[in-house]
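Participant: First residue of the sequence shown: 13, per my numbering; consecutive thereafter.
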Amino acid sequence: MRARNPNEAEYRDLYSGLIRLHILYHASKEPVFGLEMIEELGRHGYKLSPGTMYPLLHGMEKKGWLRSYKHGDRHDRRVYRATVEGRKALRIAKKRVRELFSELFENVLQAALAKRSRRIRA
Ligand SMILES: [Zn+2]
């Protein structure tokens, strides 16, 4: 879903965990840097400024979920990777997300299952 909400800031409290999980997920796949994450999250409908993103990354590094190092010809870019702790946190969070997902979309899942069993019976 790519819904863009003009009042994004109002929902920041609700989304902050989702944003962190996005970052953790991508940083577990490959090294990521701040601007790239701003673009990636923008594609998902989250508008973040560098003034929000960088403190977020620093905070996650302080928690031990990410580790950063300088990168590039002039060592001018800071890239982030998920640590072992970060990957563990992501694994646990995924279970919670799955639970939440099935609760939020219970009716949708049930409708899909019912449709399938109708097809099988027919
Ligand atoms: Zn993403």
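Heads up, the beta-carbon is just placed ideally off N, CA and C, and yes, glycines get one too. Small disclaimer: the values here were computed from a predicted structure and weren't measured.
Give the DSSP-derived three-state secondary structure of H56 in the structure shown.
Facilitator: What you label residue 56 is simply residue 44 of the sequence shown in a count that begins at 1. Residue state, collapsed to three classes: coil.
Participant: Could you pull the start and end residues of the alpha helix (DSSP H) that K6 belongs to?
Facilitator: Here the chain covers residues 13 to 134 and nothing more, so residue 6 does not appear.
Participant: State the Cα-Cα distance for the pair L69 and S129, rounded to the nearest angstrom.
Facilitator: If you number the sequence shown from 1, residue 69 lands on position 57. If you number the sequence shown from 1, residue 129 lands on position 117. Roughly 46 Å separates the two Cα atoms.
Participant: Closer than 6 Å between the C-beta and any heavy atom of ligand 1: which residues qualify, listed along the chain?
Facilitator: Per the Cβ criterion, the list is H34, H38, E52 and H56.
Participant: So, with DSSP's three-state summary, where would you put R130?
Facilitator: Residue 130 sits at position 118 when you count from the first residue of the sequence shown. Reduced to three states, the DSSP call for R130 is helix.
Participant: Helix, strand or coil for L80, going by three-state DSSP, please let me know.
Facilitator: On the sequence shown, residue 80 is found 68 positions in, with the first residue counted as 1. Sequence inspection shows Ser at residue 80; the Leu mentioned does not correspond to that position. DSSP places S80 in strand when its eight states are reduced to three.
Participant: State buried or exposed for Y58, treating a residue as buried only when at least 16 other CB atoms are found within 10 Å of its CB.
Facilitator: If you number the sequence shown from 1, residue 58 lands on position 46. By the neighbour-count rule (16 or more Cβ atoms within 10 Å), Y58 is buried.
Participant: Mind the definition here: the segment 101-115 touches the segment 43-63 only if three or more C-beta pairs lie below 8 Å; say whether that holds.
Facilitator: With a cut-off of 8 Å, the segment 43-63 and the segment 101-115 do not count as touching, because too few Cβ pairs lie within range.
Participant: First and last residue of the alpha helix (DSSP H) that includes S61?
Facilitator: The residue given as residue 61 occupies position 49 in the sequence shown. S61 -> no alpha helix (DSSP H), and no H or E assigned at all.
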